[in-house]
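Peer 1: Chains as they are written, first to last, in numbering that gives the first Met the number 0: chain A, 0 to 299; chain B, 0 to 293.
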Amino acid sequence: MASLTANAPVEPSGPRPKRIGPGRYGVYAFLIISALFFLIPLYVMIVTSLKPMDEIRMGNLFALPGSPSFDAWIKAWSQACTGLNCNGIHVGMLNSIKILIPSVILSIAVGSVTGYALSFWRPKGANILFAILLLGAFIPYQVFLYPLVRILSMVSLYNSIPGVVFVHTIFGLPLMTLLFRNFYAGIPIDLFKAARVDGGGFWAIFLRLMLPLSTPIIVVAAILQITGIWNDFLFGLIFAGRENFPMTVQLNNVVNSSFGEKEYNVNMAATILTALVPLFVYFVSGRWFVRGIASGAVKG
Amino acid sequence: MKPRFLRFWMAQVALAPAWLIVIFAYIGTILWTIQISFTSSKVFPVSNYVGFSQYTRLFGSERWIISVQNLAIFGILFIVGCLILGFLLAVFLDQRIRAESVFRTIFLYPYALSFIVTGLVWQWTLNPTLGIQQTVRNWGWESFTFDWLSRGDRAIYVIALAGMWQASGLVMAILLAGLRGVDGELWKAAKVDGIPTWRVYLHIVIPILTPMFVTATVLLATAVVKVYDLVVALTNGGPGISTEVPAKFVIEYLFQRQNLGLATAASTVMMITVLCVLAPWLYVQYFRQPRSAH
Chain A
0 MASLTANAPV
10 EPSGPRPKRI
20 GPGRYGVYAF
30 LIISALFFLI
40 PLYVMIVTSL
50 KPMDEIRMGN
60 LFALPGSPSF
70 DAWIKAWSQA
80 CTGLNCNGIH
90 VGMLNSIKIL
100 IPSVILSIAV
110 GSVTGYALSF
120 WRPKGANILF
130 AILLLGAFIP
140 YQVFLYPLVR
150 ILSMVSLYNS
160 IPGVVFVHTI
170 FGLPLMTLLF
180 RNFYAGIPID
190 LFKAARVDGG
200 GFWAIFLRLM
210 LPLSTPIIVV
220 AAILQITGIW
230 NDFLFGLIFA
240 GRENFPMTVQ
250 LNNVVNSSFG
260 EKEYNVNMAA
270 TILTALVPLF
280 VYFVSGRWFV
290 RGIASGAVKG
Chain B
0 MKPRFLRFWM
10 AQVALAPAWL
20 IVIFAYIGTI
30 LWTIQISFTS
40 SKVFPVSNYV
50 GFSQYTRLFG
60 SERWIISVQN
70 LAIFGILFIV
80 GCLILGFLLA
90 VFLDQRIRAE
100 SVFRTIFLYP
110 YALSFIVTGL
120 VWQWTLNPTL
130 GIQQTVRNWG
140 WESFTFDWLS
150 RGDRAIYVIA
160 LAGMWQASGL
170 VMAILLAGLR
180 GVDGELWKAA
190 KVDGIPTWRV
200 YLHIVIPILT
210 PMFVTATVLL
220 ATAVVKVYDL
230 VVALTNGGPG
240 ISTEVPAKFV
250 IEYLFQRQNL
260 GLATAASTVM
270 MITVLCVLAP
280 WLYVQYFRQP
290 RSAH
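(1) Indicate the three-state DSSP secondary structure (helix, strand or coil) for A/F279 in the structure shown.
(2) Suppose the cutoff is 6 angstroms on Cβ atoms and the five residues either side in sequence are ignored; what does the same chain contact list for B/I105 look like?
(3) Which residues in chain B have a C-beta closer than 7 angstroms to the C-beta of A/I138? List them in chain order.
(4) Do B/V249 and B/A262 have their beta-carbon atoms positioned less than 8 angstroms apart in this structure?
(5) Starting from B/L38, follow its DSSP beta bridges and name the residues at the other end.
(6) What are the uninterrupted segments assigned as beta strand (DSSP E) that are 3 or more residues long and contained completely in the stretch 169 to 213 of chain B, given in chain order?
(7) Give the residues of chain A in contact with B/D146, contact being defined as C-beta atoms less than 8 angstroms apart.
(8) Within 10 angstroms of the Cβ of B/F114, are there 16 or more other Cβ atoms? Answer buried if so, exposed if not.
(9) Using the three-state DSSP reduction, which class does A/T81 fall into: helix, strand or coil?
(10) Between the alpha carbons of A/G82 and B/L119, how many angstroms are there, rounded?
(11) Under 7 angstroms between beta-carbons, which chain A residues line up against B/F102? List them in chain order, please.
(12) For the alpha helix (DSSP H) containing A/P173, list its first residue and its last residue.
(13) Using only the alpha-carbon positions, how far apart do B/L175 and B/I155 sit?
(14) Span of the alpha helix (DSSP H) holding A/Q141?
(15) Quick one: grab the DSSP three-state call for A/R290.
(16) If you reduce the DSSP assignment to three classes, tell me which class A/L49 lands in.
(17) Compute the Euclidean distance between the alpha carbons of B/F23 and A/L233, then round it to the nearest angstrom.
(18) If the cut-off is 8 angstroms on Cβ atoms, which residues from the stretch 16 to 35 of chain B count as contacting chain A, listed in chain order?
(19) In chain B, which residues lie with their C-beta within 7 angstroms of the C-beta of A/A274?
(20) Cβ of B/G130 less than 8 angstroms from any chain A Cβ?
(21) What are the boundary residues of the alpha helix (DSSP H) that includes B/R103?
(22) To which residues of the same chain is A/A7 closer than 6 angstroms at the C-beta, ignoring the five residues directly before and after it?
(23) When burial is assigned at 16 or more other CB atoms within 10 Å of the CB, is A/I300 buried or exposed?
(24) Count the other CB atoms, across all protein chains shown, that sit within 10 Å of the CB of A/A296; report buried if there are 16 or more and exposed otherwise.
(25) Out of A/R286, A/F205 and A/G91, state which residue places its alpha-carbon closest to the alpha-carbon of A/L236.
(26) Taking only beta-carbon atoms, is A/P277 less than 8 angstroms away from chain B?
(27) Taking the alpha-carbon of B/F7 as reference, which of A/A221, A/L134 and A/F119 has the nearest alpha-carbon?
(28) Locate the alpha helix (DSSP H) running through A/L206, then write down its first and last residues.
(29) Kindly list the residues whose CB is nearer than 6 angstroms to the CB of A/K50, restricted to its own chain and excluding five residues on each side of it in sequence; keep chain order.
(30) For B/D93, which residues in the same chain have their Cβ closer than 8 angstroms to its Cβ, ignoring the five residues on either side in sequence?
(31) Distance check for B/R103 and A/S284, CA to CA, integer angstroms please.
(32) Which bits of chain B does A/P64 rub up against, with CB to CB less than 8 angstroms?
(33) Return the CA-CA distance between B/L259 and B/S266, expressed in angstroms with no decimal places.
(34) Could you tell me which uninterrupted beta strand (DSSP E) segments, each at least 3 residues in length, are contained entirely in the stretch 228 to 280 of chain A, listed from first to last along the chain?
(35) Please confirm if B/A154 has its CB atom under 8 angstroms from at least one CB of chain A.
Here it is in structure tokens:
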């Protein structure tokens, strides 16, 4: 089995339908009902965020807002409370961006170099390293957490943004290495040998030959890491510290630990705001996203 | 020619970060965790070894037993549900339909969202006082009841439903790619022989897709063991402790209940379970020599 999605033909392969018959209606009925199931939460989220609380209390979840207003969005952005702090969800968004950018760059950098070295140079111990990395991708994070907290506090990185960035790099390494290793496995070894004959060293071949060829896989890796790190909750909660909580952690605190009456419109507005970045990446990247999610678990 | 070691010294240097991560952040932390699990550590790690007594306590703890049961219920429903729904979606999408890419985009978008977002949306949609239940009652069906989120015996099914909503699209995407790889001649041959479409799917297409089903199952199973954020956002383990899961058990005993020994014993059990399930699959997938290579 070669690559799963990358080279798959895009033509439908199923049985060719005869004429428009009852079976056709059945197919569309199933697809439309399924589409409703997937869309309802999104719809509910949007209409709720545009309603005032009076309307929400009437209990018509699916009704369109009588007079749509963005008040809840503004409140979610700049005034939503977590505990006694009422500075809005934008604090978390800034933290998430501060965590996201270095984590994505660092994890892709380490992963690409590791994948390149494992794929073309195969120094002693390369197989063992790769085997442990692979296992590491599946082991539940709970086993690593406490010792990592201790190690990071020893070097004063616990409860800091560099600390979370470090943790994201550590646990992004298996997937990133796998992606780049599999990608480089598809590049003809003769190309590498020719570069060696011409006197290319480790870094020269990487920077001047392999990296320029790697654009597609870097895009895939970036998509995976941006959505994955933005959506992370566990590492942000444990390693970032109260001041640096990423958006997901702050969102959960806003919604699940607020006092007094719950403002569902503000909660839903904050939820949409948190979902915007991955949704944007998803809609812009299209097929690349599909390629990314499948390539992680596919044999090279 | 220089010896292999010297020739490749720069490759070794480049792999140093990966080696450091593997040795210290993976192996070192795992050994440390296992070591703590054999001590009577509470707030801080101590070196008072107590054998397997933390493990005995763990399996005597009602909270842990409930967590494990919930993981089994959630895992089975989530994996089977995602596989069935994802397969059906892929098959129906593969019938040369109109607006295929629109449907595909709709089925997969939840997978881009975080578990926190998914959990909070479903928590609101199924809210017993203002959500779907009240809405349907307002429509005139006064006795309609769907209060699973507030029922200890049903809330775990809501978590499985939310998980399915998020991850079925992943299975759909993987299987659709597989279906597109099925030879078009197959359908012509089946038609000539007069074999009904559903039998072709059941007896020919599904066996062809086995590797994709395995891939999808492994991806889903990994998500099952890690499930934490979804529960935190949707029910926070409630009502009571009825939707607790092992990952949440460990985090709480590590960072809130200050019982390191018990928490590390629980995480060690989680790891061993995963390794037992995974080892054969990883071996076959990555390290078995292909037969043609001899």
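The C-beta atom is built at its ideal place from N, Cα and C for all residues, glycine as well. Note that this is a predicted model, so its numbers are computed, not measured.
Peer 2: Walking through what the data contain:
(1) helix
(2) none
(3) Per Cβ cutoff of 7 angstroms: M270 and V273.
(4) At a Cβ-Cβ threshold of 8 angstroms, B/A262 and B/V249 count as neighbours.
(5) Looking at the sequence provided, one finds Thr at residue 38 of chain B rather than Leu. B/T38 is bridged to B/Y48.
(6) none
(7) Those within 8 angstroms of B/D146 in chain A number zero; the least Cβ separation is about 14 angstroms.
(8) buried
(9) strand
(10) 18 angstroms
(11) L30 and A34
(12) I160 to A184 is the extent of the alpha helix (DSSP H) around A/P173.
(13) B/L175 and B/I155: Cα-Cα distance of roughly 29 angstroms.
(14) Q141 to M153
(15) helix
(16) coil
(17) Roughly 20 angstroms between the two C-alpha positions.
(18) P16, A17, W18, I20, V21, F23, A24, Y25, I26, G27, T28, I29, W31, T32 and I35
(19) L112 and V116
(20) yes
(21) E99 to L107
(22) With a pLDDT of 46 at A/A7, under the threshold of 50, the predicted position of this residue should be treated as unreliable, and no value is reported.
(23) This structure gives no information on residue 300 of chain A, because the portion of chain A shown stretches from 0 to 299.
(24) Note that A/A296 has pLDDT 49, beneath the 50 cutoff, so the model's placement of it is unreliable and no number is given.
(25) Nearest neighbour of A/L236 by Cα position, chosen from A/R286, A/F205 and A/G91, turns out to be A/G91.
(26) yes
(27) A/F119
(28) No alpha helix (DSSP H) contains A/L206, which DSSP labels as neither H nor E.
(29) P64 and N264
(30) L175, L178 and R179
(31) 14 angstroms
(32) None at all; the shortest Cβ gap to chain B is about 15 angstroms.
(33) 10 angstroms
(34) none
(35) At a cut-off of 8 angstroms between C-beta atoms, B/A154 does not count as an interface residue with respect to chain A.
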